[in-house]
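Protein chains in written order, with full-length UniProt numbering: chain E, 1 to 459; chain W, 1 to 459.
Notes follow the structure.
Protein chains: 2
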Amino acid sequence: MPIPAPAQDALAALLGARFSTSVADRDLHGQSETFHTAPPPDAVAWPVSTDEVSKTLAICHAHGVPVIGWGTGTSLEGHALATHGGLVVDLMKMDRVLEVRAEDMQASIQPGVTREALNTELRATGLFFPVDPGANASLGGMAATRASGTTAVRYGTMRDNVLALEVVLADGTVIRTGTRAAKSSAGYDLTGLFVGSEGTLGIITELTLRLHGQPEEVASAVCGFPTLDQAVECVTATIQSGIPMARIEFVDGEAARAFNQYAGTHLHEGPHLMVEFHGSPATVKDDAERFGELAADFGGTGFDWATTPEDRAALWRMRHGAYRACLALRPGATAVVTDVCVPMSHLPAAVAAAAADIKASGLVGPMVGHVGDGNFHSQLLIMPGNAEELAAAKGIATRMAERALAVGGTITGEHGVGVGKRPLMRAQHGAAIGVMAAIKAALDPTGIMNPGKMLPDMN
Amino acid sequence: MPIPAPAQDALAALLGARFSTSVADRDLHGQSETFHTAPPPDAVAWPVSTDEVSKTLAICHAHGVPVIGWGTGTSLEGHALATHGGLVVDLMKMDRVLEVRAEDMQASIQPGVTREALNTELRATGLFFPVDPGANASLGGMAATRASGTTAVRYGTMRDNVLALEVVLADGTVIRTGTRAAKSSAGYDLTGLFVGSEGTLGIITELTLRLHGQPEEVASAVCGFPTLDQAVECVTATIQSGIPMARIEFVDGEAARAFNQYAGTHLHEGPHLMVEFHGSPATVKDDAERFGELAADFGGTGFDWATTPEDRAALWRMRHGAYRACLALRPGATAVVTDVCVPMSHLPAAVAAAAADIKASGLVGPMVGHVGDGNFHSQLLIMPGNAEELAAAKGIATRMAERALAVGGTITGEHGVGVGKRPLMRAQHGAAIGVMAAIKAALDPTGIMNPGKMLPDMN
């Protein structure tokens, strides 16, 4: 259903040139990073204030127009596709850092601030925002998908680092959740409810984030292992030993090959761990030595330490470029990306089973992972339009998810549900899906907020 | 309204002697730790399984009987009072540690396990559960009130340490929330929603908790300060310096006097900080030295180190006994206990303003606090039945809450809302109260779950 003319008129009156129905603008906001596709939205809005978001949603609510929030468009599960048509609300013009309260280690920002922009702004304060999903995503989008990434093992996820929100509800009501205090027991944890709600309950228009002190000393390294099992077992042993890793990332041989081809590195084309330590010079030295001893027990060799900031930046740029590097292994391919997370003791078996399944399929599917959390990904490369490959990739992804659920894990550690993981939600949540549906119906009774996402059979 | 006869018959048939309407049992479950009072409940049930809780709630739901969860009865805001009559569901017979998965640093327990019982069970594993509100509370109750306490500055609150729950909803439906993975982005954070919901959305029947490694080295000390301002400013400076405190507790002169009288200690009767460091021998030594230097800058003197486990236990037993020790300052008194939490930079002003207000009132009101989180309490001693004192104490409490809200803090850092903080909820949450009410109505449409608590004007 296209947007009714009175709604279009009201939006144009409100936003002027910041409301568009042009094919170019719609197409730009109909893209997805992965194999998920949908027709473009009917229109795009670029509000610049909470008040404009509120009025935009009030108009959409009155006319039954679906509303889809948009940040940098880097989500991997089609979260921002306009599967039911409607209006994409692009929040990237709301990109101001509103206040940095260094003495409280907090920042208040608009949702269109990206994590790199925030950290640039924070550089002189001695503080930083640690959550790092790789892409230079908008912090509003990261909150909406409960993102995490390479540093969650040390600093937690968006759940742990968002203190308070301003949210515009479906009917345009503006609420504030949370406080600036370190903790609160005053009522339901609405901040936690909106973080990870994927735009299905409201649009985030302001975030108060917890900042962390820039570590005095940082050391990063990459280290090779003879076998995948040994690399992953080293991770489990490291976490169980309590070494406070800032990062501990797994890269399989296929991904190492992708880095070599794409980034010009010279890794041996087998499994690796990429690690980082944060602390004082003494603790970093101590932690790195303990890790080195453990890694040697599992056959780890060829430690390559990145000692300068430039070398470290290059190392993590390589890791952050993994998605594009792996895509380049098969020119023209798109990807089905998996994202299971399992309890630490089940990680070696989960990775081994996934590797065996991928190998049996004949697909190219490099694996990387934030393995310190028990979270790993395979990026299954398929050609667009090849139904057989798509079915094979989806079968692998589903089996990985089922194995994760069988050991108490989750179908998505950090990417979120979007359209991709929707069919697996009942298997994970059982009767609790009814509670999620009741909350959705209570807060968005007409179902305009990002319909077709997250909850099965809702819209 | 008393419990209808058919409901009583059904509950008696289900639970036998574990359902009681005796005056003695009702009176035991009509108590409160503080000045809040209400008539006793109409009946008490002691289920021993999730299935019994489910059937109990289904009966209550069918007959419109209010249901109030009960743990150790140590909450401070009248959370478990039967203000609307009905059935108290005492969960203390569900007290089994179901599974300890040491390799994943997790335990699954029933809600009636107390924190001390769990830590006794964990002793041989090298792990412990850190959240420590002082009272030997049940972990189900601690989750329901989003409790924290002395160690939250290092290990977080119940929000951070509950991974998954089993919950029985108002109509008897049993759901599971969360996973055993370290993180998940699969749908709304229902675990976070039920933690801190104070029994208003369901009854928690199982918890999966995050455990932590027992620190290799522990050092505790108490240290005096010339003035309250200097003690509190030392806390702010300590937190801002990034020293990883395991505990940093404030005790004012009145509370020190209470300890001396009640516990036979010999503290100078002025402000103190009680601190603890966890880590390796090297890091503990380093942290303690850095703190010692900072404390000296603020006039801290007379460091008394508790070096043996017995001395440390005595130190924290003293702190944990603060509530009873302070009550004993005025024999026969009851207490209005405040619980604000403010951003760290506002802590010195908040404590100073509270102290001035208490002094002006003429009431005895010792102050203690988990000041590393910006959270502090005054325990305002009043005689039961003295309306003038009650009004004065409530006035102080309300002004403390208003000052906390004015700087972005919260009316309750860890005690929860119960009946006591209910009148302040609108001031804290504004329009977000409507979202809480919508969630409550969606999950408990007949309003049987702990009516009269948390949300204003709901029941």
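Even for Gly, the Cβ is constructed at its ideal location relative to N, Cα and C.
- Fully enclosed alpha helix (DSSP H) runs of no fewer than 4 residues occupy 309-320, 322-327 and 347-361 of the segment 303-367 of chain W, in order along the chain.
- Contact fails between the segment 129-149 of chain E and the segment 221-229 of chain E, because fewer than three Cβ pairs, one in each stretch, are under 8 angstroms apart.
- Those residues of the segment 375-401 of chain E placed with their C-beta closer than 9 angstroms to a C-beta in chain W are Asn375, ordered along the chain.
- Beta-carbon to beta-carbon, W/Arg146 and W/Arg159 are separated by about 6 angstroms, close enough to satisfy the 8 angstroms threshold.
- Contacts with chain E at 7 angstroms (Cβ-Cβ) include W/Cys341.
- Its chain contains Ala322, Ala325, Cys326, Ala328, Leu329 and Pro366 as the residues whose beta carbon lies nearer than 8 angstroms to that of E/Ala258, once the 5 sequence neighbours on both sides are disregarded; these appear in chain order.
- Within the DSSP secondary-structure output, W/Arg210 pairs in a beta bridge with W/Gln106.
- As the crow flies, the alpha-carbon of E/Val235 is around 36 angstroms from that of W/Glu249.
- Within chain E, the residues whose beta carbon sits less than 9 angstroms from that of W/Ser148 are Lys183 and Ser185, listed in sequence order.
- Contact of E/Ser54 with chain W is not assigned, every C-beta pair being separated by 7 angstroms or more.
- Across the set W/Thr34, W/Ile433 and W/Val89, the C-alpha of W/Val89 shows the shortest separation from the C-alpha of W/Ile59.
- Contact residues of the segment 130-157 of chain W toward chain E are Thr145, Arg146, Ser148, Ala152 and Thr157 (C-beta to C-beta distance below 7 angstroms).
- Secondary structure at E/Ile411: coil, using DSSP grouped into helix, strand and coil.
- Chain E places no beta carbon closer than 7 angstroms to that of W/Gly447, leaving this residue out of the contacts.
- For W/Arg180, the three-state secondary structure derived from DSSP is coil.
- Residue range Ala432 to Leu443 is occupied by the alpha helix (DSSP H) that includes W/Ile439.
- For the set W/Pro451, W/Val174, W/Asp457 and W/Lys421, the Cα lying nearest the Cα of E/Ser185 is the one of W/Lys421.
- As computed with DSSP, E/Gln379 is found in a beta bridge with E/Val337.
- Cβ neighbours of E/Phe194 within its own chain (closer than 7 angstroms, five residues either side excluded): Leu165, Val167, Thr177, Leu201, Gly202 and Ile204.
- If only uninterrupted beta strand (DSSP E) runs of at least 3 residues are considered, those enclosed by the segment 25-71 of chain W are 43-45 and 67-70.
- Cα atoms of W/Met383 and W/Gly73: separation of roughly 21 angstroms, rounded to the nearest angstrom.
- When only Cα atoms are considered, E/Ala397 and E/Gly418 end up about 15 angstroms apart.
- Residue environment analysis places W/Leu98 among the exposed positions, since fewer than 16 neighbouring C-beta atoms fall within 10 angstroms of its C-beta.
- Note that the segment 404-414 of chain E touches the segment 372-380 of chain E; at least 3 beta-carbon pairs, one per stretch, sit closer than 8 angstroms.
- Assignment of E/Val419 by DSSP, reduced to helix, strand and coil, places it in the coil class.
- The segment 428-439 of chain E makes no contact with the segment 344-359 of chain E, as fewer than three CB pairs between them are under 8 angstroms.
- As a beta-bridge residue in DSSP terms, E/Cys223 pairs with E/Leu273.
- Burial of W/Ser108 is indicated by the presence of at least 16 other C-beta atoms within 10 angstroms of its C-beta.
- When only Cα atoms are considered, E/Ala353 and E/Arg403 end up about 9 angstroms apart.
- The beta-bridge partner set that DSSP reports for W/Met449 consists of W/Val67.
- Collapsing the DSSP output to three states places E/His268 in coil.
- With respect to the C-alpha of W/Gly78, the residue from W/Gly409, W/Val336 and W/Ala442 having the closest C-alpha is W/Val336.
- W/Ile175 has a beta carbon lying within less than 7 angstroms of a beta carbon in chain E.
- Note on geometry: alpha-carbon atoms of W/Val23 and W/Trp46 lie some 16 angstroms from one another.
- Under the three-state reduction of DSSP, W/Gly202 is assigned to strand.
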